[in-house]
Amino acid sequence: MRKPQGAAARSACAAIAALAVAAAALPGDACAAADLATLPRDLSPWGMFVNADAVVKTVMVGLAAASLAAWTVWLAKSVELRRCVVLARAGLDRLESDTTLQQAAADTADQRDAVAQMIHTVEREASLSGGAHDDGFRERVALRLERVEAAEARRAAVGTGLLASIGAVAPFVGLFGTVWGIMNAFIGISKANTTNLAVVAPGIAEALLATALGLVAAIPAVVIYNHLTRRVSAYRALLGDASAQLLLMISREAARPPQRARAVR
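Throughout the sequence shown, residue numbering follows mature numbering (1 follows the signal peptide of the UniProt record, and there is no 0), covering -32 to -1, 1 to 233 in sequence.
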């Protein structure tokens, strides 16, 4: 009978030891299970957005809207500048041909592009000046052409300021989302009373996603801004050539009457 009693005693001791080990391990396992239960299952970009804090989510939505606005400005301004450049080159070719101011004004009577406006403003100044082609007339024409050129350049550059603002502000907005997400991650560590990396991983991931969206919005905006700025400068150079051609046309017309008078003599 002693052997069965000894075996039972040893079994009881082993069971007590197993219960002690299980009891010692229970709080940590329960805490880890609770942490895993509260963690989001989906750590894809969309899952991180859905489970993000309200502030971080607002930052992400704002950055996505800024990126969409930048690409919309690029598309709209590219189409507009292409059309303006085509019309300006056509008008410049017309001015470079052997034509007069009256004929050029008649050809562009129903047009409203930049070169047509320059031709119309020169014709109006000629009619107001009574046909006099002196130095004062040329100065007034140059002033009018300069104003039309500047106004058209400003109109062509509308919208590029938004790109500059997005390129300058978007990284800092993304950084704000990063700081907020990391702050929430540390608050989660404090509340969970654990240093398990799984607790802080979602918050850090959300913070990094906000930073990435800030760069996604800022980098294309800067590149598009530089590209459109170069195209606006090229368009203004075409308008400058048209202005020079109009001044040359006025100078030729001012020189023609004396030549005709000498030819009659």
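Glycine included, C-beta positions come from ideal geometry on N, C-alpha and C. Everything numeric in this text was worked out from a predicted model, so none of it was measured.
Buried or exposed (CB count within 10 angstroms, at least 16 for buried), Val54: Of the residues assessed, Val54 falls on the exposed side of the cut-off, its CB having fewer than 16 other CB atoms within 10 angstroms.
- request: Taking all protein chains shown into account, decide if Glu64 is buried (16 or more other Cβ within 10 angstroms of its Cβ) or exposed.
  value: Burial call: exposed.
message: Does the contact criterion of 3 or more C-beta pairs under 8 angstroms hold for the stretch 204 to 222 versus the stretch 80 to 93?
response: Touching, per the Cβ criterion.
task: Might you give, ordered along the chain, the residues of its own chain that have their beta carbon closer than 6 angstroms to the beta carbon of Gln85, omitting 5 neighbours on each side?
output: The residues are Val116.
- prompt: Looking at Ala56 and Leu207, is the spacing between their C-beta atoms short of 8 angstroms?
  reply: Contact flag set, yes.
field: Close-in-space but distant-in-sequence residues of the same chain around Glu120 (CB under 7 angstroms, 5 per side omitted)
entry: When the five nearest sequence neighbours on each side are left out, the beta carbons in the same chain lying within less than 7 angstroms of the beta carbon of Glu120 are those of Ala82 and Leu207, in order along the chain.
- prompt: To the nearest angstrom, how far is it from the Cα of Ala94 to the Cα of Asp209?
  reply: Roughly 20 angstroms between the two C-alpha positions.
message: Tell me which residues share the same chain as Pro139 and place their Cβ nearer than 7 angstroms to its Cβ, disregarding the 5 neighbours each side in the sequence.
response: Counting only residues of its own chain and dropping the five nearest sequence neighbours on each side, Pro139 has a CB closer than 7 angstroms to the CB of Gly182, Leu183 and Ala186.
message: Among Val141, Pro170 and Gly149, whose alpha-carbon lies nearest the alpha-carbon of Gly30?
response: That would be Val141, whose Cα lies nearest to the Cα of Gly30.
query: Based on Cα-Cα distance, which residue from Leu49, Asn152, Asp75 and Thr67 lies nearest to Ala20?
result: Measuring from the Cα of Ala20, the nearest candidate turns out to be Asn152.
field: Alpha carbon of Gly145 to alpha carbon of Thr40, nearest angstrom
entry: Going from the Cα of Gly145 to the Cα of Thr40 covers about 24 angstroms.
- prompt: Which of helix, strand or coil does DSSP assign to residue 281?
  reply: Here the chain has residues from -32 to 233 only, and residue 281 is not among them.
message: Measuring straight from C-alpha to C-alpha, what distance separates residue 276 and Gly171?
response: There is simply no residue 276 to check, as the chain begins at -32 and stops at 233 in what is shown.
message: Considering Cα atoms alone, identify which of Ala118, Ala22, Ser46 and Val191 is closest to Ala205.
response: Nearest C-alpha to Ala205 among Ala118, Ala22, Ser46 and Val191: Ala118.
task: May I ask you to report which of helix, strand or coil DSSP gives Ala94?
output: If DSSP states are grouped into helix, strand and coil, Ala94 belongs with the helices.
query: Can you tell which of Ala44, Ala202 and Ala175 has its C-alpha closest to the C-alpha of Val23?
result: Per the C-alpha coordinates, the member of Ala44, Ala202 and Ala175 positioned closest to Val23 is Ala175.
task: Determine the DSSP secondary structure at Ser12, reduced to helix, strand or coil.
output: The answer is coil: DSSP assigns Ser12 none of H, G, I, E or B.
field: alpha helix (DSSP H) runs wholly inside the stretch 146 to 213, at least 4 long, in chain order
entry: With a minimum length of 4 residues, no continuous alpha helix (DSSP H) run stays inside the stretch 146 to 213.
Cβ-Cβ distance between Ile192 and Leu113 below 8 angstroms: No, the pair does not count as a contact, with Cβ atoms beyond the cut-off.
- prompt: Going straight from the alpha carbon of Ala222 to that of Thr67, what length do you get?
  reply: Ala222 and Thr67 have their alpha carbons spaced roughly 14 angstroms apart.
- request: Specify the secondary structure class of Gln85 as computed by DSSP and reduced to three states.
  value: In this structure, Gln85 counts as helix in the three-state DSSP scheme.
- prompt: Measuring CA to CA, which of Ile150, Arg80 and Leu177 is closest to Gly59?
  reply: It is Arg80.
message: Out of Ala73, Ala32 and Val200, which one is the CA nearest neighbour of Lys45?
response: Closest in C-alpha terms to Lys45, from the list Ala73, Ala32 and Val200, comes Val200.
- prompt: Which same chain residues, not among the five before or five after Arg62, have their C-beta less than 7 angstroms away from its C-beta?
  reply: Counting only Cβ-Cβ distances below 7 angstroms, and skipping sequence neighbours, we find Ala72 and Asp75.
field: Limits of the alpha helix (DSSP H) - the one that Arg112 falls within
entry: Element bounds for Arg112: Asp103 to Ala124.
- prompt: Is it buried or exposed for Leu96, if we count other Cβ within 10 angstroms and need 16 for buried?
  reply: By the neighbour-count rule (16 or more Cβ atoms within 10 Å), Leu96 is not buried but exposed.
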